[in-house]
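Everything on this sheet refers to the single structure shown next.
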Amino acid sequence: MSEMIDEIVAEGMAAIAAAGDERALRDVEVEFLGKKGKVAGLMQEMRNLSAEERPAFGKDVNIAKQTLEKLVVAARRTLQTATLLKEVSDPFDDPTLPGTAELHGGLHPLTIVTEEVEEIFRSMGFIIPDYPEAESEFFNFEALNIPGDHPARDTQDTFWLKDGNLLRTHTSPGQVRAMREFKPPFKAIFPGKVYRYEAIDASHEHTFHQVEGILIDRDVSVANLIHSMKVLLDEIFKRESVIRLRPGYFPFVEPGFELDIQCAVCGGSGCSVCKQSGWVELLPCGLIHPNVIRHGGLDPAEWTGWAFGLGLSRLVMMKYQINDIRHLMGGDLRFLEQF
Ligand code: PHE
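Residue numbers for the sequence shown follow the working numbering, so the first one is 519 and each next one is one higher.
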């Protein structure tokens, strides 16, 4: 019987010595020392022994087991050291270098603010349709009361597409699309990218973001408009906002206004964001021109409405005190990772 033990120990020692890596060693360990391994098998042999032989045999099997266990531990240590040595002697692998940080994704500041604005309007019952960025000349200009020879076209330098369409220069084409799509009375906002063929500087980009808002109902007045704009700015800035109204000319509204908000960065005392004026031009708006209502398929004698075009890019810049609009579309991760 004790030859059987010697044989298995010899076999085990050879297998341990031959194991070339930690995985192979683990397999050997299971084969000999596992629950159903060869050493456990020896214990089963006890049944065939007499009561006097059993204690001595059991003792020998235990010694054999401990011998193999010690060898496995030693072999494992040797293999681990070898792996480590290989790693540190690799000229391309310097273990003293700092580790690589995990990369985290995040939301773009424009996305954050757009979602906030959408949430505010959704809670006030506005619908949020989506309209095309490649637009027809009709919806971008004609339907908005800007005929071909109208000087207002020059204020919105346009990227024309080869097929005669264009990249929308504002979100206002959605006004007419929404009137054609939804049954009045209704209120809607449509945020999105707009494009202008502009010389680029700290406050001008060829691609920027607006949110257009419209409300169509009976007997809408300038008082409704001003009140609504005030409420929405209070919501957006989460405080009582100070506003100022100036006449503004846009062919698709009558009367039209430029709505300025007292600079949130300096509180009106003057800073680089408001160009020392204390005011930021943020919200052109007005009552929708009867011609536009007509292009929307509605009767201006029955339906009236207001519209605004909120400068989303500018809003983001105010909120996060960003002084150069080019950061927004620049794609520089060092900038974006701050949000
Ligand atoms: N579409 C105009 C622009 O981009 C802004 C505007 C929208 C003005 C709605 C009045 C009403 O300049």
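Where a beta carbon is used, it is the ideal one built from N, C-alpha and C, also for glycine.
Anyone know if the C-beta pair for residue i and residue j falls short of 8 Å?
{"i": "V760", "j": "Q839", "result": "no"}
{"i": "I523", "j": "A582", "result": "yes"}
{"i": "A706", "j": "I645", "result": "yes"}
{"i": "P769", "j": "I630", "result": "no"}
{"i": "I779", "j": "V798", "result": "yes"}
{"i": "R844", "j": "I718", "result": "yes"}
{"i": "E589", "j": "I534", "result": "Inspection of the sequence shows that residue 589 is occupied by Leu rather than by Glu. It is a contact, given that the beta carbons lie within the stated cut-off."}
{"i": "D735", "j": "P702", "result": "yes"}
{"i": "L543", "j": "E587", "result": "no"}
{"i": "L567", "j": "I526", "result": "no"}
{"i": "H727", "j": "L628", "result": "yes"}
{"i": "L816", "j": "V834", "result": "no"}
{"i": "G829", "j": "T689", "result": "no"}
{"i": "V738", "j": "G643", "result": "no"}
{"i": "V771", "j": "L805", "result": "yes"}
{"i": "A661", "j": "V694", "result": "yes"}
{"i": "A532", "j": "A593", "result": "no"}
{"i": "V791", "j": "M747", "result": "no"}
{"i": "M564", "j": "G576", "result": "yes"}
{"i": "D578", "j": "S520", "result": "yes"}
{"i": "V712", "j": "R686", "result": "yes"}
{"i": "G788", "j": "Q794", "result": "yes"}
{"i": "E699", "j": "P773", "result": "no"}
{"i": "L777", "j": "L800", "result": "yes"}
Run through the DSSP bridge pairs and tell me what residue i is partnered with.
{"i": "W821", "result": "DSSP, once it has assigned bridges, lists no residue as partnering W821."}
{"i": "P765", "result": "F775"}
{"i": "P802", "result": "E776"}
{"i": "K554", "result": "Note: K554 sits in no beta bridge, so no partner."}
{"i": "P709", "result": "V729"}
{"i": "H722", "result": "D719"}
{"i": "L828", "result": "V729"}
{"i": "D735", "result": "T822"}
{"i": "F704", "result": "I734"}
{"i": "L684", "result": "E653, W678"}
Please indicate yes or no: does the CB of residue i lie closer than 7 Å to some heavy atom of the ligand PHE?
{"i": "V738", "result": "no"}
{"i": "F704", "result": "no"}
{"i": "A825", "result": "yes"}
{"i": "H688", "result": "yes"}
{"i": "G804", "result": "yes"}
{"i": "V771", "result": "yes"}
{"i": "E716", "result": "no"}
{"i": "G710", "result": "no"}
{"i": "G692", "result": "no"}
{"i": "F768", "result": "yes"}
{"i": "E660", "result": "no"}
{"i": "E730", "result": "yes"}
{"i": "G814", "result": "no"}
{"i": "G796", "result": "no"}
{"i": "G774", "result": "yes"}
What does the alpha-carbon distance come out to for the pair residue i and residue j?
{"i": "E620", "j": "L854", "result": "16 Å"}
{"i": "S654", "j": "L684", "result": "6 Å"}
{"i": "P669", "j": "T618", "result": "56 Å"}
{"i": "R714", "j": "D842", "result": "17 Å"}
{"i": "V606", "j": "D539", "result": "18 Å"}
{"i": "V740", "j": "F775", "result": "10 Å"}
{"i": "D752", "j": "L679", "result": "39 Å"}
{"i": "P765", "j": "P802", "result": "9 Å"}
{"i": "F659", "j": "H724", "result": "18 Å"}
{"i": "E730", "j": "G692", "result": "8 Å"}
{"i": "M697", "j": "D667", "result": "25 Å"}
{"i": "G796", "j": "L763", "result": "14 Å"}
{"i": "Y767", "j": "R852", "result": "39 Å"}
{"i": "H807", "j": "H622", "result": "48 Å"}
{"i": "G624", "j": "R832", "result": "21 Å"}
{"i": "N580", "j": "R595", "result": "23 Å"}
{"i": "V546", "j": "G530", "result": "8 Å"}
{"i": "W821", "j": "D681", "result": "35 Å"}
{"i": "L743", "j": "T632", "result": "22 Å"}
{"i": "H722", "j": "E716", "result": "7 Å"}
{"i": "Q856", "j": "D850", "result": "11 Å"}
{"i": "V591", "j": "Q562", "result": "25 Å"}
{"i": "S641", "j": "H813", "result": "29 Å"}
{"i": "A528", "j": "E549", "result": "14 Å"}
Exercise for review: Could you name each continuous alpha helix (DSSP H) segment of 4 residues or more that falls completely within the stretch 635 to 676, going from the start of the chain to the end?
Suggested key: 655 to 658
Point to revise | 4 or more residues per run - each alpha helix (DSSP H) lying fully within the stretch 544 to 601 | key: 556 to 563
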